[in-house]
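In this note's numbering, the protein residues as written are 72 to 366.
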Amino acid sequence: MSQLVQEIVDGLGVGSTYALLALGLAIVFGVMHLVNFAHGELITVSAYVIYGLSTRDVSWWLMAPIAIVAAALTAVATERVAFRRVRGSSEFTMLLTSFGLAIVIQALFRMYLSAAPRQFDQPGWINDTVEVLGISIEVYDLVVIGVTALTLLGTVWIFQRTMFGVSLRAAAEDFDAARLMGVKADATISRAFALSGVLAGIAAVFLMLRSGQAEPDVGTVPLLKGVVAAVIGGLGSLSGAVLGGLLLGLAEVLLRSRLPGDMARLTDAFVFALVAILFIVRPGGIISVRRAQRV
Numbered sequence: 072m073s074q075l076v077q078e079i080v081d082g083l084g085v086g087s088t089y090a091l092l093a094l095g096l097a098i099v100f101g102v103m104h105l106v107n108f109a110h111g112e113l114i115t116v117s118a119y120v121i122y123g124l125s126t127r128d129v130s131w132w133l134m135a136p137i138a139i140v141a142a143a144l145t146a147v148a149t150e151r152v153a154f155r156r157v158r159g160s161s162e163f164t165m166l167l168t169s170f171g172l173a174i175v176i177q178a179l180f181r182m183y184l185s186a187a188p189r190q191f192d193q194p195g196w197i198n199d200t201v202e203v204l205g206i207s208i209e210v211y212d213l214v215v216i217g218v219t220a221l222t223l224l225g226t227v228w229i230f231q232r233t234m235f236g237v238s239l240r241a242a243a244e245d246f247d248a249a250r251l252m253g254v255k256a257d258a259t260i261s262r263a264f265a266l267s268g269v270l271a272g273i274a275a276v277f278l279m280l281r282s283g284q285a286e287p288d289v290g291t292v293p294l295l296k297g298v299v300a301a302v303i304g305g306l307g308s309l310s311g312a313v314l315g316g317l318l319l320g321l322a323e324v325l326l327r328s329r330l331p332g333d334m335a336r337l338t339d340a341f342v343f344a345l346v347a348i349l350f351i352v353r354p355g356g357i358i359s360v361r362r363a364q365r366v
């Protein structure tokens, strides 16, 4: 029983990171109907910011917020430089733009920094454990789950209690009607990208705490997991994105611990097989949403 509880906590820790990434993707998808495959590069930017600050002996307490701000600013910059120019184009054009942007950003890091991984020191508490009712739980998992919970509560507050949140929800329902009611398209989309960048930055901090290295494609795998989580929950559903992330993390950890021997290395294959079965049963994901109208 204690082993199962440990695995559930580990799964929630992993899934929390996926939930943050999926939520950021869902926010942008809601207002632009765009699956932003350049979202993973926000993790890369945060990773190199952390690496650069670590070479100057900056504390993690300062590196974390700086990395989050860097991700948010990068998200806003990508919207203004790339996505605003193709906003009226087809969804396929915007999708290709996101792929192209991701490739360009990775290439810039390889050209002007290095293709080799850059190592940096992790905080001393990262591998500490605490005993809870006789169960050994990593402090890292507790921090990730706690901070993610607070972040999600803050996001809910933004959507429910602020004019920005109201405008985002209105835009996700019907952007044309929202504009007629006074919602400014440029400002709303820019802020949506900023919020998605904050969520990606928080996820990046957690990933860097665990891995301790930055490299040009460090955000690729987390991005794919975030996209899968968003699709599992129902693309365009904010609550579905969070649920999909948590379920994906739980599925990974539980399968990895139960698959025999070398088959544990096929965890991702089994997870995607389960996802495929889910899509056969519920093609629209766990929480189906009405297709949002984009500007």
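Glycine residues also receive a C-beta, built at the ideal position from the N, C-alpha and C atoms.
- [ ] Find out if the Cβ-Cβ distance for the pair E78, I176 is shorter than 7 Å.
- [x] For the 7 Å CB-CB criterion, E78 and I176 do not form a contact.
Task: Inter-residue spacing [alpha-carbon to alpha-carbon] between T100 and R232 - done: The sequence given here places Phe at residue 100; Thr does not occur at that position. In a straight line, the C-alpha of F100 is about 21 Å away from that of R232.
TODO: Determine the direct distance from the alpha carbon of D192 to that of G205, and round the result to whole angstroms.
DONE: Approximately 31 Å, taken between the alpha carbons.
TODO: Sort G355, I260 and A275 by Cα distance to V140 and report the nearest one.
DONE: Ranking the options by Cα distance to V140, first place goes to A275.
- [ ] To the nearest angstrom, report how far apart V106 and V298 are at their CA atoms.
- [x] In this structure, the alpha-carbon of V106 lies about 8 Å from that of V298.
Open item on the list: Between A335, L318, F163 and L270, which has its C-alpha nearest H110's C-alpha?
Closed with: Of the listed residues, the one whose Cα sits closest to H110 is L270.
Task: Alpha carbon of G95 to alpha carbon of D333, nearest angstrom - done: For G95 and D333, the gap between their C-alpha atoms comes out near 34 Å.
TODO: Flag this pair as touching only if the segment 277 to 288 and the segment 318 to 330 have three or more C-beta atom pairs under 8 Å; answer yes or no.
DONE: Contact fails: fewer than three Cβ-Cβ distances are below 8 Å.
Task: Between the CA atoms of I351 and L266 - distance to the nearest angstrom - done: Taking the straight line from one Cα to the other gives about 32 Å.
Task: 7 Å CB neighbourhood of V324 in its chain, flanking five on each side removed - done: Closer than 7 Å at Cβ, skipping near neighbours: E78, D81, G82 and V85.
- [ ] Flag G123 as yes when its Cβ comes closer than 6 Å to any non-hydrogen atom of the ligand SAM, and as no otherwise.
- [x] As presented, the structure is devoid of all ligands, the ligand SAM included, so that no description of it is given.
Open item on the list: Checking 7 Å against the spacing of the C-beta atoms, do I197 and Y211 come in under that value?
Closed with: Yes.
Open item on the list: Quick check on DSSP: helix, strand or coil for E286?
Closed with: Three-state result, E286: coil.
Task: Beta-carbon proximity check, I358 vs G316, cutoff 7 Å - done: Taking a C-beta distance under 7 Å as the contact criterion, I358 and G316 do not qualify as a contact pair.
Open item on the list: What residue range does the beta strand (DSSP E) around I206 cover?
Closed with: Under the DSSP assignment, I206 falls in the beta strand (DSSP E) whose first and last residues are I206 to E209.
TODO: My understanding is that A312 touches V342, with C-beta atoms under 8 Å, so please give their C-beta distance in whole angstroms.
DONE: No, A312 and V342 are not in contact; Cβ-Cβ is about 17 Å, not under 8 Å.
Open item on the list: Buried or exposed, going by whether 16 or more other CB atoms sit within 10 Å of the CB of M252?
Closed with: Answer is exposed; the Cβ neighbour count stays below 16.
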